[in-house]
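Inspection log for the structure reproduced underneath, given as structure tokens.
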Amino acid sequence: GGLADKRTMGDLVTPVGRLEVELILSRNPERNRIAAATRERLARAGADVTLLEDAAGLATLFSQMNAIDFDGDGVPDRAYGDGYIGLTGDGVVTGPKLVRYRNGPLYWFSIALHGTPNPENIGGANSGGCVHLAPAVLEELIEREVVEIGTPVLIRD
Numbered sequence: 009g010g011l012a013d014k015r016t017m018g019d020l021v022t023p024v025g026r027l028e029v030e031l032i033l034s035r036n037p038e039r040n041r042i043a044a045a046t047r048e049r050l051a052r053a054g055a056d057v058t059l060l061e062d063a064a065g066l067a068t069l070f071s072q073m074n075a076i077d078f079d080g081d082g083v084p085d086r087a088y089g090d091g092y093i094g095l096t097g098d099g100v101v102t103g104p105k106l107v108r109y110r111n112g113p114l115y116w117f118s119i120a121l122h123g124t125p126n127p128e129n130i131g132g133a134n135s136g137g138c139v140h141l142a143p144a145v146l147e148e149l150i151e152r153e154v155v156e157i158g159t160p161v162l163i164r165d
């Protein structure tokens with residue numbers, strides 16, 4: 009784990025380099041956004057982009073993501089907390105993006121800055137490469153519009 013050149017989404021590495029925001033999902037649906045180019049690329053690839061058409065669809069996507077039971081204990085994990093800032097970058101592995109979880113609900117699988125229900129995860133290498141943020145930091149970034157689609161994000165070692 010840690011920071012390095014990311015080779016696959018399963019390598020537990022947070023990629024270093026210049027990335028940019030391509031998706032914003034929040035508990036406040038008015039803040040939900042996706043880069044038009046990302047939506048168009050996925051549509052051309054044959055993905056079901058229905059949930060990517062508007063803020064309400066993006067809210068449904070975020071709700072589905074937080075309802076996933078990744079650890080198999082029968083309870084939704086709320087793994088993404090109150091917000092999710094999906095990242096992309098040229099030449100950097102940032103995920104397949106819109107996929108189905110075990111043939112179930114669609115979710116966004118990418119490198120991201122996002123919340124967590126487990127505050128002890130903040131600052132540690134304990135995910136597939138995402139950066140977990142405290143609720144107050146995530147709220148500041150999303151609600152005060154510090155990040156928007158296209159905002160550059162530099163991850164350094």
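Positions in the sequence shown are counted from 1; adding 8 to them yields this note's numbering.
Backbone N, C-alpha and C define an ideal beta-carbon position, used for all residues, glycine too.
Query                                                                                               : Result
Quick one: what does DSSP say residue 128 is sitting in, helix, strand or coil?                     : helix
Quick one: what's residue 6 bridged to in DSSP?                                                     : Nothing can be reported for residue 6, as the shown portion of the chain is limited to 9 through 165.
Using the C-alpha atoms, what's the distance from residue 23 back to residue 118?                   : 11 Å
Helix, strand or coil, according to DSSP, for residue 102 in the structure here?                    : coil
Below 9 Å between beta carbons: does that hold for residue 33 and residue 69?                       : yes
Pick from 67, 135, 79: whose alpha carbon is nearest that of residue 38?                            : 67
Taking the beta strand (DSSP E) that residue 21 belongs to, which residues open and close that run? : 21 to 23
Bridge partners of residue 109, per DSSP?                                                           : Note: residue 109 sits in no beta bridge, so no partner.
Straight-line CA distance for residue 26 to residue 49?                                             : 21 Å
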